[in-house]
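The block underneath contains the structure these notes are about, expressed in structure tokens.
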Amino acid sequence: MRKALTVELYVKVATDTFRISLLSEPGREQSFRSTEVFTTRRLLVGEFSIAENCLKKAIASVVGKSLIPKSVAVVIHPEEMVDGGLSQVEERIYRELCYGAGARKVALWVGKDLSPSELRKLLDKV
Numbered sequence: 037m038r039k040a041l042t043v044e045l046y047v048k049v050a051t052d053t054f055r056i057s058l059l060s061e062p063g064r065e066q067s068f069r070s071t072e073v074f075t076t077r078r079l080l081v082g083e084f085s086i087a088e089n090c091l092k093k094a095i096a097s098v099v100g101k102s103l104i105p106k107s108v109a110v111v112i113h114p115e116e117m118v119d120g121g122l123s124q125v126e127e128r129i130y131r132e133l134c135y136g137a138g139a140r141k142v143a144l145w146v147g148k149d150l151s152p153s154e155l156r157k158l159l160d161k162v
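Using the working numbering, read the sequence shown as starting at 37 and increasing by one per residue.
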């Protein structure tokens with residue numbers, strides 16, 4: 037059996053948009069805007085299935101296809117609508133969103149943008 041390669045991603049979430057960068061290519065970010073609205077007045081990810089479908093397509097586009105299976109590790113970073121922190125329900129939304137999009141390992145971050153070394157440390161804790 038072949039060992040899966042791990043692809044580490046930094047996923048930033050904004051209104052109806054995911055911005056994704058590979059940890060192996062810092063500074064190079066791809067933006068994916070959903071064709072359908074997933075942000076509501078109260079939640080950055082209020083329409084879960086729409087957001088999950090968009091993220092799944094975005095990750096597939098960034099990771100690409102190969103003969104060797106790839107495992108995906110994600111640091112997800114909501115950039116908006118986080119005043120006062122996230123509720124347990126919101127934390128679960130972000131984690132389940134990543135797992136549903138194909139991630140095998142997920143870390144959630146709220147705060148300033150992270151450097152590649154900070155991202156790796158966060159993923160190592162998961």
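Note that CB positions come from ideal geometry on N, CA and C, so glycine has one too.
Nearest neighbour of residue i, chosen from the options [CA to CA]
i: Arg-156; options: Glu-61, Gly-121, Val-98; result: Glu-61
i: Ala-137; options: Pro-105, Ala-94, Arg-69, Arg-55; result: Ala-94
i: Leu-58; options: Glu-83, Val-73, Val-99; result: Val-99
i: Val-73; options: Ser-67, Asp-52, Asn-89, Glu-126; result: Asp-52
i: Glu-116; options: Thr-76, Gly-63, Glu-88, Leu-45; result: Thr-76
i: Cys-90; options: Glu-44, Lys-148, Pro-152, Val-49; result: Val-49
i: Ala-79; options: Glu-44, Arg-131, Glu-126; result: The sequence shown places Leu at residue 79, not Ala. Leu-79 has its Cα closest to that of Glu-126, out of Glu-44, Arg-131, Glu-126.
Cβ neighbours of residue i in the same chain (closer than 8 Å, five flanking residues each side left out)
i: Val-146; result: His-113, Pro-114, Val-118, Gly-121, Leu-122
Buried or exposed by the 16-neighbour rule on C-beta atoms within 10 Å, applied to residue i
i: Met-37; result: With a pLDDT of 44 at Met-37, under the threshold of 50, the predicted position of this residue should be treated as unreliable, and no value is reported.
i: Ala-109; result: buried
i: Ala-96; result: exposed
i: Ile-104; result: exposed
Beta-carbon proximity check, residue i vs residue j, cutoff 8 Å
i: Ser-102; j: Thr-42; result: no
i: Leu-159; j: Ala-139; result: no
i: Arg-55; j: Ser-67; result: yes
i: Leu-133; j: Glu-88; result: yes
i: Lys-148; j: Val-162; result: no
Same chain only: Cβ atoms within 6 Å of residue i, ignoring 5 sequence neighbours per side
i: Glu-83; result: Phe-74
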